[in-house]
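Going by this note's numbering, the first residue of the sequence shown is number 90, and it counts up by one from there.
Here the structure is laid out as structure tokens; the discussion comes afterwards.
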Amino acid sequence: MGDALLFVRQFLRSPTTIGAVAPSSAYLARRIAADVPESGDPVVLELGPGSGAFTGEIRRRLGGRGRHVAIEVNPSMAAALRSRHAGVEVIEGDAAETAGLLRTVGVDRVDLVVSGLPWAVFPGPKQDAILDSVVAAMPPDGRFATFAYSHATVLPPAVRFRRRLEERFETVGSGTTEWRNLPPARIVHASRPRAGTTSDPAA
Ligand SMILES: C[S@@+](CC[C@H](N)C(=O)[O-])C[C@H]1O[C@@H](n2cnc3c(N)ncnc32)[C@H](O)[C@@H]1O
90 MGDALLFVRQ
100 FLRSPTTIGA
110 VAPSSAYLAR
120 RIAADVPESG
130 DPVVLELGPG
140 SGAFTGEIRR
150 RLGGRGRHVA
160 IEVNPSMAAA
170 LRSRHAGVEV
180 IEGDAAETAG
190 LLRTVGVDRV
200 DLVVSGLPWA
210 VFPGPKQDAI
220 LDSVVAAMPP
230 DGRFATFAYS
240 HATVLPPAVR
250 FRRRLEERFE
260 TVGSGTTEWR
270 NLPPARIVHA
280 SRPRAGTTSD
290 PAA
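Structure (structure tokens):
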């Protein structure tokens, strides 16, 4: 089954988990994966890889170095990804359990997190749980890249998500738009995770 067909089918089954009707473009993939370190053996964690729109680009940049771990909650997406990308360690599970899931594959720190998660459809406590679990696995120089659909960045869920990012990272970029994506997407890079961050339930 082609990527687009797999994606649409899973969207129709579970729209609030998939959060988009089509996979991201190669243009967005190139920009969101730009932080993959060019040397060394980095550990890259991909969240919500879906049908693999970012996966191939991350693999290309790694060129066989380090480790590439992906956490995907949808069983069909996880199975398809596993069969297409043998070099990627695909874990079927919830990103809110990141720290524990990483331990099952012997990973205790991730240098870069590339997120394809649909943050805007998650309630606040879910955003908190995922971010807290991810940040717990990041070293002080860890980096985080994510995107949101541009038309939604002014809506309350996206504004709240940005505040949550700022609570957990010392540096959060203002974001740049990739227009060659359907719909256009705003890419945000964050770095310098704050140690021991706790979520504010009132936010
Ligand atoms: C908007 S799609 C993005 C897929 C791909 N990264 C792209 O950009 O084309 C969101 C993906 O996140 C996955 N997802 C949603 N909630 C998740 C969770 N809690 N943990 C892991 N994956 C999740 C969905 O199953 C879906 O594959």
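Just so you know, even glycine gets a beta-carbon here, dropped at the ideal spot from N, CA and C.
- Taking each of GLN99, PRO272 and PRO229 in turn and checking the Cα distance to ALA237, the smallest one comes out for PRO272.
- The straight-line gap separating the alpha-carbon atoms of VAL196 and GLY189 is approximately 10 angstroms.
- Distances from the CB of THR106 to the heavy atoms of ligand 1 include at least one below 8 angstroms.
- Note: PHE233 is bridge-paired with VAL202 and ALA279 in the DSSP secondary-structure output.
- About 24 angstroms separates the beta carbon of THR242 from that of VAL162, a gap too long to meet the 8 angstroms contact definition.
- Residues ALA209, ALA237 and ALA241 of the same chain have their beta carbon placed closer than 7 angstroms to that of ALA247, with the five preceding and five following residues left out of the count.
- Short of 7 angstroms from the beta carbon of GLY264, and not among the five residues preceding or following it, lie these beta carbons of its own chain, in chain order: ARG275, ILE276 and VAL277.
- Between GLY129 and the set VAL203, VAL194 and GLY155, the nearest pair of CA atoms involves GLY155.
- Check the Cα spacing between PRO138 and each of GLU127, ARG98, VAL179 and LYS215: the tightest is with VAL179.
- Between LEU94 and SER140, the alpha-carbon positions lie close to 10 angstroms from each other.
- Straight-line measurement puts the Cα of THR266 at about 31 angstroms from the Cα of LEU191.
- Secondary structure note for LEU94: its alpha helix (DSSP H) is the uninterrupted segment 92-102.
- With 16 or more other Cβ atoms inside 10 Å of its own Cβ, GLY231 counts as buried.
- Across the structure, SER172 and SER165 are spaced so that their CA atoms are roughly 11 angstroms apart.
- The stretch 197-206 makes no contact with the stretch 245-259: fewer than 3 CB pairs, one atom from each, lie closer than 8 angstroms.
- Close CB contacts of ASP183 within its chain, under the 6 angstroms cut and outside five residues either way in sequence, are with VAL162 (chain order).
- The beta carbon of GLY213 sits no closer than 8 angstroms to any heavy atom of ligand 1.
- Between THR187 and ALA234 a beta carbon distance of about 15 angstroms is seen, past the 8 angstroms cut, so the two are scored as non-contacting.
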